[in-house]
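Let me begin by presenting the structure, written as structure tokens, before commenting on it.
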DNA sequence: CGTTGTGTTGATATTAATCAACAAGTGTGG
DNA sequence: CCACACTTGTTGATTAATATCAACACAACG
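Residue numbers (the numbering used here), protein chains in the order written: chain A, 1 to 213; chain B, 1001 to 1213.
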């Protein structure tokens, strides 16, 4: 999965796990709430989480999905600027930010790694701005699908609902549905239930995505 | 100005300026090109710069404006993932990334500051995703205008062209014009040439922006 | 089994884009 | 200093992409 995070080098995992609190979250559970005091940060152990920003009237924007090994909540501010929810049944580890900072003080490799993660997030965020500001519905879906990590059989996992995809791509549920249906009709993809999609013609889909400009 | 950067603590400025190469850029000059080897990073000394991402067919997205004191090009990757241009006549300082990294090795305060900057960038980027994905044209302009730093007389500087604003907000030039004209007709703002705008009714504009959800 | 949430498809509405004309600056060279 | 070209900004008419409204299929679940 893209954006939101990154993985740590093995040698640091032990020190990190010493302060980790493992949590099991059912699908849909919110574990970070926009505006709350930001006392913790999280890593994803299994499943998928997503970051959400909301408007007063209920409109929402998913700013990223976080798969296994990804980080959430690395903000400097005193309050979270986004909410986070489990997409499917998900295990996360929670870390105290105070303890993390202590740990970081003499772990330069880990510090560097976190810095790199933040930079990569920023690059991903800028790519997403281009998508949201300038790409068509079709291009957005093509970008989304080709950005998902393919499994051994060539299929990609889409555990999030159509609503989550729509809120991630700045579209409506209906437009997501119609666009995917059309891509299937055209032989670009094959949907196998709503949580699994085979990318039939990856080159064509990548061309549609329009990156590599 | 919002997003893209931040300022360093005074005590580090001397060390940084020792490796700085000052450059003077005319309005419109591009000084970072998407895809080029990322050997440098930059700070803005005067004027305004902007970050741009482009699609093959010419569509472009401005991902942020950088005013005085802001940073550009803090990526980890080997190539820049965006271009940068001077909005008006601008002075920037250029720093070698290699030298910067050496300097950072024993400057914890500076390192921390850069980490904080990156985090703030990320928060701003997520806010912009919400704007691009879910706000109306009117809400986007209201958000943009209320986010500009007001001068002593209450006016805000808008040195960028309508095209740049449109590419920043994911709109067309015409929609930006029409929306601003309408806001002026409604007494929310008063335009004084295209580079200067007085915000007449800031509370109303902030309410329109829809943040503080 | 009904109930509820999710996904799909169709008909229609609406926002913002496109196409077009022109006004207002800005700069250049005669 | 003025005429001209060229860029930028504004406004109007029309189109098009996507949202909205609506109906229904289907699966999960109590």
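Note that beta-carbon positions come from the ideal geometry of N, C-alpha and C, so glycine has one too.
As the structure is a computational prediction, the values presented were derived from the model and not from experiment.
Run through chain B and tell me which residues come within less than 7 Å of residue i, C-beta to C-beta.
i: residue 170 of chain A; result: 1132, 1133 and 1134
i: residue 81 of chain A; result: 1123 and 1126
Could you tell me which residues DSSP puts in a beta bridge with residue i?
i: residue 1071 of chain B; result: B:1043
i: residue 133 of chain A; result: In the DSSP output, where bridge partners are listed per residue, residue 133 of chain A has none listed.
i: residue 1095 of chain B; result: B:1041
i: residue 191 of chain A; result: A:197
i: residue 49 of chain A; result: A:66 and A:86
Can you pull the chain A neighbours of residue i, defined as C-beta to C-beta under 7 Å?
i: residue 1059 of chain B; result: 134
i: residue 1042 of chain B; result: Near residue 1042 of chain B there are no residues of chain A at all, since even the closest Cβ is about 15 Å away, more than 7 Å.
i: residue 1063 of chain B; result: 126 and 129
How is residue i classed by DSSP in three states: helix, strand or coil?
i: residue 15 of chain A; result: helix
i: residue 1038 of chain B; result: coil
i: residue 1184 of chain B; result: helix
i: residue 1123 of chain B; result: helix
i: residue 1174 of chain B; result: helix
i: residue 6 of chain A; result: Low confidence applies to residue 6 of chain A: its pLDDT is 43, below 50, so where it sits in the model is not reliable, and the reading given next is rough at best. The answer is coil: DSSP assigns residue 6 of chain A none of H, G, I, E or B.
i: residue 1110 of chain B; result: helix
i: residue 212 of chain A; result: coil
i: residue 77 of chain A; result: coil
i: residue 1064 of chain B; result: strand
i: residue 58 of chain A; result: coil
i: residue 1001 of chain B; result: For residue 1001 of chain B, the pLDDT reaches just 44, beneath the cut-off of 50, and the residue's location in the model is therefore unreliable, although a value from the coordinates is still provided. Looking at residue 1001 of chain B - three-state DSSP - the assignment turns out to be coil, as it is neither helix nor strand.
i: residue 30 of chain A; result: strand
i: residue 1242 of chain B; result: Nothing about residue 1242 of chain B can be reported from this structure: the residues present for chain B run from 1001 to 1213 only.
i: residue 1179 of chain B; result: helix
i: residue 90 of chain A; result: strand
i: residue 1202 of chain B; result: helix
i: residue 147 of chain A; result: helix
i: residue 207 of chain A; result: helix
Which residues in chain B sit within 8 Å of residue i, going by Cβ to Cβ distance?
i: residue 75 of chain A; result: 1119, 1122 and 1123
i: residue 50 of chain A; result: By Cβ distance, chain B contributes nothing, its closest Cβ being about 12 Å from residue 50 of chain A, past 8 Å.
Could you give the residue range of the beta strand (DSSP E) that holds residue i?
i: residue 157 of chain A; result: 155 to 157
i: residue 198 of chain A; result: 196 to 199
i: residue 25 of chain A; result: 21 to 25
Please compile the residues from chain B whose C-beta is within a distance smaller than 9 Å of the C-beta of residue i.
i: residue 55 of chain A; result: 1130, 1134, 1135, 1139, 1210, 1211 and 1213
If you follow the alpha helix (DSSP H) that residue i is part of, which residue opens it and which one closes it?
i: residue 169 of chain A; result: 162 to 169
At 9 Å on the CB atoms, spell out the chain A contacts of residue i, in chain order.
i: residue 1183 of chain B; result: Chain A residues near residue 1183 of chain B: none, gap ~20 Å exceeds 9 Å.
i: residue 1116 of chain B; result: 76
Cβ pair count under 8 Å reaching 3, the stretch 1124 to 1137 of chain B against the stretch 121 to 137 of chain A: yes
Are three or more beta carbon pairs between the stretch 115 to 124 of chain A and the stretch 1105 to 1122 of chain B nearer than 8 Å? yes
Could you tell me whether the stretch 134 to 148 of chain A touches the stretch 192 to 211 of chain A, using the rule of 3 or more Cβ pairs below 8 Å? Taking a contact to require three or more Cβ pairs closer than 8 Å, the stretch 134 to 148 of chain A and the stretch 192 to 211 of chain A qualify as touching.
I want to know whether the stretch 50 to 68 of chain A touches the stretch 183 to 202 of chain A - three or more CB-CB distances under 8 Å. no
Touch check for the stretch 90 to 107 of chain A and the stretch 1011 to 1027 of chain B: three-plus C-beta pairs under 8 Å? no
On the three-pair Cβ rule with 8 Å, is the stretch 1162 to 1181 of chain B touching the stretch 1038 to 1049 of chain B? The stretch 1038 to 1049 of chain B and the stretch 1162 to 1181 of chain B do not touch, with fewer than three beta-carbon pairs separated by less than 8 Å.
Touching by the beta-carbon criterion (3+ pairs, under 8 Å), the stretch 1030 to 1038 of chain B and the stretch 1078 to 1087 of chain B: yes
With a threshold of 8 Å, are at least 3 pairs of Cβ atoms found where one atom belongs to the stretch 1052 to 1064 of chain B and the other to the stretch 1105 to 1114 of chain B? no
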